[in-house]
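The opening residue of the sequence shown carries number 539 in my numbering; numbering runs sequentially from there.
Note that beta-carbon positions come from the ideal geometry of N, C-alpha and C, so glycine has one too.
Given the structure is predicted, the values throughout are model-derived calculations rather than measurements.
The next block holds one structure in the form of structure tokens; read it before the comments.
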Amino acid sequence: MSLEVIMENKFDSDVDNSTVFRGIASDGTVAKKFEVGYSDVDKNLRLRPYTALDFCQNTAVFHSDLAGFDLDYFIENERAWIIKGWCASFDHLPGEGTSVKVSTWTAPYKRLQASRSFCAEDENGNKLFEATSRWFLMNSKRRRPTKISDEFFGAYIPSEKPMLFPDFDYEIHSPMGYNFISTAGIRVTMRDIDMNDHVNNISYVIWGMDALPDEVHDSMCVKHIETVYLHEATKDDDVFIDVYCKDSDVEPSLKDYLSIIRRKDDEEHIFVSVKFTVKDNFK
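Now the structure itself:
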């Protein structure tokens with residue numbers, strides 16, 4: 539993926555990919571450009587939905603860098619941003635070679651938590667996907683939430699722009715009303731572990747999607763993802779993924795697939811609700 543980062547509201551083809559604009563826009567928005575590579579696309583040659591979320595995650599990290607808090611800062615000060623959940627909607631999953639601009643902004647924090655939204659578009663300004671998320675600042679040594687100071691969060695330049703998906707409640711969904719499909723088990727490996735010594739949030743989404751039936755990946759395209767995180771998994775944990783399905787309550791053409799990722803003793807780690815629609819609907 540490209541390292542080019544842009545602060546304009548449109549792509550600038552004359553800007554070198556190594557150029558970084560040191561600053562945050564006056565409205566609190568930061569944008570980063572990615573190029574969809576071969577390893578970013580699925581068997582249908584479309585951007586993997588969890589890679590789209592990874593683009594968002596990397597844009598959030600870049601925003602923090604610009605605010606003066608790089609990864610070294612968080613390690614040295616025993617702090618970490620921990621995600622509570624995602625809500626994402628996909629208008630179009632682009633193919634290999636597509637330039638994608640992801641913009642992000644954060645709302646003023648409330649009660650130890652901060653909300654952050656994202657919007658992605660191609661080089662022609664067409665919307666590709668959008669997402670919202672909620673985070674809390676954690677003391678990485680004590681593994682407990684810590685207070686967010688005005689001085690610290692002010693460096694991010696909180697935006698007055700509204701958060702996307704304001705009705706998303708970050709509450710775990712029950713499988714009641716779903717049909718059970720299958721259970722899969724995996725063991726957490728080192729490749730899933732990030733700098734906070736636990737499973738990175740994107741890995742859970744990958745597990746949840748990998749456990750879905752093959753026909754979903756063959757003939758359907760992701761329309762919506764909701765993810766809520768309850769507990770952290772660490773290396774060598776045994777993880778079980780229960781998969782459920784039902785017809786969507788929103789549109790007859792949609793199906794909801796629910797992957798509940800849980801501990802061996804049935805304590806739930808995370809909930810992933812993935813809504814799929816047939817691929818032809820995205821033409």
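Euclidean distance between Cα positions of residue i and residue j
i, j, result
"Asp785", "Thr589", "26 Å"
"Arg823", "Leu631", "The structure shown does not extend to residue 823, since the chain spans only 539 to 821, so no value can be given for it."
"Lys802", "Thr597", "34 Å"
"Cys783", "Leu792", "11 Å"
"Arg800", "Asp752", "22 Å"
"Leu675", "Asn615", "12 Å"
"Pro713", "Phe572", "36 Å"
"Ile798", "Met758", "20 Å"
"Asp822", "Gly561", "Nothing about residue 822 can be reported from this structure: the residues present for the chain run from 539 to 821 only."
"Val640", "Asn739", "18 Å"
"Phe559", "Val781", "Unreliable placement is indicated for Phe559, whose pLDDT of 37 sits below 50; no coordinate value is reported for it."
"Phe656", "Phe778", "30 Å"
"Arg729", "Asp705", "34 Å"
"Gln651", "Lys622", "9 Å"
According to DSSP, residues forming a beta bridge with residue i
i, result
"Met676", "Ala618 and Pro683"
"Tyr576", "None, per the DSSP bridge assignment."
"Thr642", "Val568 and Phe656"
"Thr721", "Asp780"
"Ser627", "Glu668 and His762"
"Arg801", "Val777"
"Gln651", "Lys648 and Phe674"
"Val737", "Ile731"
Beta-carbon proximity of residue i to residue j, cut-off 8 Å
i, j, result
"Met733", "Ile620", "no"
"Ser697", "Ala618", "no"
"Val766", "Tyr708", "yes"
"Phe600", "Lys570", "yes"
"Tyr510", "Leu750", "Outside the shown range of the chain, which is 539 to 821, sits residue 510, and nothing can be said about it."
"Lys699", "Asp565", "yes"
"Arg725", "Asp774", "yes"
Whole-Å CB distance - residue i paired with residue j, under 8 Å assumed
i, j, result
"His762", "Ala626", "7 Å"
"Glu764", "Trp624", "7 Å"
"Met701", "Thr670", "5 Å"
"Ile768", "Ile710", "Note that residue 768 is Leu in the sequence shown, not Ile. The pair is a contact, with the Cβ atoms about 7 Å apart (cut-off 8 Å)."
Check whether the stretch 632 to 651 and the stretch 660 to 670 are in contact - that is, three or more C-beta pairs closer than 8 Å. yes
Is it true that the stretch 731 to 751 meets the stretch 690 to 707, where meeting means three or more beta-carbon pairs spaced less than 8 Å apart? no
So does the stretch 653 to 663 actually touch the stretch 675 to 685, counting three or more Cβ pairs closer than 8 Å? no
Determine contact between the stretch 574 to 586 and the stretch 643 to 659, defined as no fewer than three beta-carbon pairs at a distance below 8 Å. no
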